[in-house]
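Numbered by this note's numbering, the letters in the sequence shown go through residues 3 to 77 in order.
Report on one structure; see the data block that follows.
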Amino acid sequence: MIDVRREDLVTADVQCILRSVGSRPEPLTAVGREIGIAAGEDLLERIEQIGDLPVGGAGVGSGRHLSELRDGQHG
């Protein structure tokens with residue numbers, strides 16, 4: 003079951019998030035950058051490993067550290 007919500011992606015109590023990117027893995031929005039900063043080097047390294055994406059492509063990674071980001075200390 004997919005439950006769609008609109009809330010702060012950095013501190014949301016969720017199992018996964020969608021972060022929009024272009025063909026390169028750099029974030030397109032300020033909140034995308036905040037997610038990367040809050041998640042730290044581990045997430046950024048995993049995103050870089052995905053590499054370039056074709057139009058309409060998606061990269062899937064573990065959300066294992068999302069629960070550690072819920073302190074509200076972001077951007």
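We put the beta carbon where it would ideally sit given N, CA and C, even for glycine.
Bounding residues of the alpha helix (DSSP H) (the contiguous stretch that carries residue i)
i, result
"Gln-51", "43-52"
Check whether residue i and residue j have beta carbons under 8 angstroms apart
i, j, result
"Leu-11", "Ser-22", "no"
"Gly-38", "Leu-46", "yes"
Close-in-space but distant-in-sequence residues of the same chain around residue i (CB under 7 angstroms, 5 per side omitted)
i, result
"Gly-24", "Leu-30"
For residue i, the nearest candidate out of the options (CA to CA)
i, options, result
"Gly-58", "Pro-27, Gln-51 and Leu-45", "Pro-27"
Proximal residues to residue i (C-beta, below 6 angstroms), its chain only, five neighbours per side dropped
i, result
"Gly-77", "Reliability fails at Gly-77, whose pLDDT of 45 lies under 50, so the model's placement of it is uncertain and no value is given."
"Gly-34", "Arg-21"
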